[in-house]
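Here's the structure, in structure tokens; my notes come after.
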Amino acid sequence: MDASVLLSRLACPLIPVVVIDQLDDAVPLAEALMQGGVSALEITLRTEVACEAISAVKSAMPHAVIGAGTVSSGQAYEAAVQSGADFVVSPGATDQLFKAAAAHTVPFLPGAVTGSEVLRAMESGYATLKFFPAEAAGGPSALQALSGPFPDINFMPTGGVTLQTVAAYLQLNNVCAVGGSWLTPRDLLIDQKWEAVYQLATDSVTQVTQMSRGEPQ
Numbered sequence: 000m001d002a003s004v005l006l007s008r009l010a011c012p013l014i015p016v017v018v019i020d021q022l023d024d025a026v027p028l029a030e031a032l033m034q035g036g037v038s039a040l041e042i043t044l045r046t047e048v049a050c051e052a053i054s055a056v057k058s059a060m061p062h063a064v065i066g067a068g069t070v071s072s073g074q075a076y077e078a079a080v081q082s083g084a085d086f087v088v089s090p091g092a093t094d095q096l097f098k099a100a101a102a103h104t105v106p107f108l109p110g111a112v113t114g115s116e117v118l119r120a121m122e123s124g125y126a127t128l129k130f131f132p133a134e135a136a137g138g139p140s141a142l143q144a145l146s147g148p149f150p151d152i153n154f155m156p157t158g159g160v161t162l163q164t165v166a167a168y169l170q171l172n173n174v175c176a177v178g179g180s181w182l183t184p185r186d187l188l189i190d191q192k193w194e195a196v197y198q199l200a201t202d203s204v205t206q207v208t209q210m211s212r213g214e215p216q
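Just so you know, we're using numbering that gives the first Met the number 0 here: the sequence shown kicks off at 0 and counts up by one.
Rendered as structure tokens:
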């Protein structure tokens, strides 16, 4: 299922991309981000505890919007759904992933960078895609170029985006949300500095809110 409805309902278009190494960090990290004004977060399936982390956060915060990222196979898609993920994100797209997505109602953001990849996603019924790796693939200028031939396609750029560059992405008409790891620096997670994570989220959300209102940064 396309993720356009889910993303349009988010109060904040910033989606932290999170790598959880220690299961005990999942809930306090999510709480810090949500209290800082973030509406959703993406826990990547890059560690052994990722699915457990998603389940733990959903259990502690049932109303939080928690996605599973770096989903690269049908098996991983199934595991993400069973863990309680509210949406699934992949860095690319394959027949196996589209088949897995078709078997569930959980929104899916397939990755697409080239015109051919966008067309393939469109043929499978998707109009909201992940653009990864955003900076390496051309950044805002590449996304602006894609808006010409694909005016009805929206993107969530992720990969290399920073607090300093996020505004350039969100100003584009074909960007509905932005994913970023700058909101969860690894050193803060290792040291469990949740107050610092909260402050970083607050500062980021404030900047995005000011930008949307046309206020000076």
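Glycine included, each C-beta is placed from N, C-alpha and C at the ideal position.
Note the first and the last residue of the continuous alpha helix (DSSP H) segment covering residue i.
{"i": "residue 78", "result": "73-82"}
{"i": "residue 177", "result": "No alpha helix (DSSP H) contains residue 177, which is instead part of the beta strand (DSSP E) from 177-179."}
{"i": "residue 26", "result": "25-34"}
{"i": "residue 56", "result": "49-59"}
{"i": "residue 98", "result": "94-101"}
{"i": "residue 8", "result": "Per DSSP, residue 8 belongs to no alpha helix (DSSP H) and is neither H nor E."}
{"i": "residue 114", "result": "114-122"}
Is it right to say residue i is buried, meaning 16 or more other beta carbons lie within 10 angstroms of its own, or is it exposed?
{"i": "residue 174", "result": "buried"}
{"i": "residue 89", "result": "buried"}
{"i": "residue 29", "result": "buried"}
{"i": "residue 113", "result": "exposed"}
{"i": "residue 61", "result": "exposed"}
{"i": "residue 43", "result": "buried"}
{"i": "residue 7", "result": "exposed"}
Roughly how many angstroms lie between the CA atoms of residue i and residue j, to the nearest whole one?
{"i": "residue 138", "j": "residue 180", "result": "16 Å"}
{"i": "residue 168", "j": "residue 14", "result": "13 Å"}
{"i": "residue 97", "j": "residue 76", "result": "10 Å"}
{"i": "residue 110", "j": "residue 80", "result": "18 Å"}
{"i": "residue 86", "j": "residue 118", "result": "22 Å"}
{"i": "residue 37", "j": "residue 123", "result": "30 Å"}
{"i": "residue 48", "j": "residue 126", "result": "31 Å"}
{"i": "residue 11", "j": "residue 204", "result": "7 Å"}
{"i": "residue 68", "j": "residue 16", "result": "8 Å"}
{"i": "residue 46", "j": "residue 18", "result": "7 Å"}
{"i": "residue 131", "j": "residue 182", "result": "17 Å"}
{"i": "residue 31", "j": "residue 200", "result": "8 Å"}
{"i": "residue 24", "j": "residue 0", "result": "30 Å"}
{"i": "residue 99", "j": "residue 202", "result": "37 Å"}
{"i": "residue 155", "j": "residue 178", "result": "7 Å"}
{"i": "residue 4", "j": "residue 107", "result": "11 Å"}
So which of the options has the shortest CA-CA distance to residue i?
{"i": "residue 172", "options": "109, 140, 58, 93", "result": "140"}
{"i": "residue 65", "options": "71, 54, 81, 40", "result": "40"}
{"i": "residue 115", "options": "100, 176, 93", "result": "93"}
{"i": "residue 151", "options": "120, 178, 201, 131", "result": "120"}
{"i": "residue 185", "options": "195, 210, 177", "result": "195"}
{"i": "residue 159", "options": "62, 192, 134", "result": "134"}
{"i": "residue 78", "options": "52, 63, 61", "result": "52"}
{"i": "residue 83", "options": "71, 95, 91, 104", "result": "104"}
{"i": "residue 33", "options": "143, 20, 57", "result": "57"}
Between which two residues does the beta strand (DSSP E) carrying residue i extend?
{"i": "residue 39", "result": "39-43"}
{"i": "residue 65", "result": "64-68"}
{"i": "residue 22", "result": "Looking at the DSSP string, residue 22 is not in any beta strand (DSSP E), and its letter there is neither H nor E."}
{"i": "residue 87", "result": "86-88"}
Going along the chain, which unbroken runs of the beta strand (DSSP E) with 3 or more residues stay wholly within the stretch 129-166?
153-156
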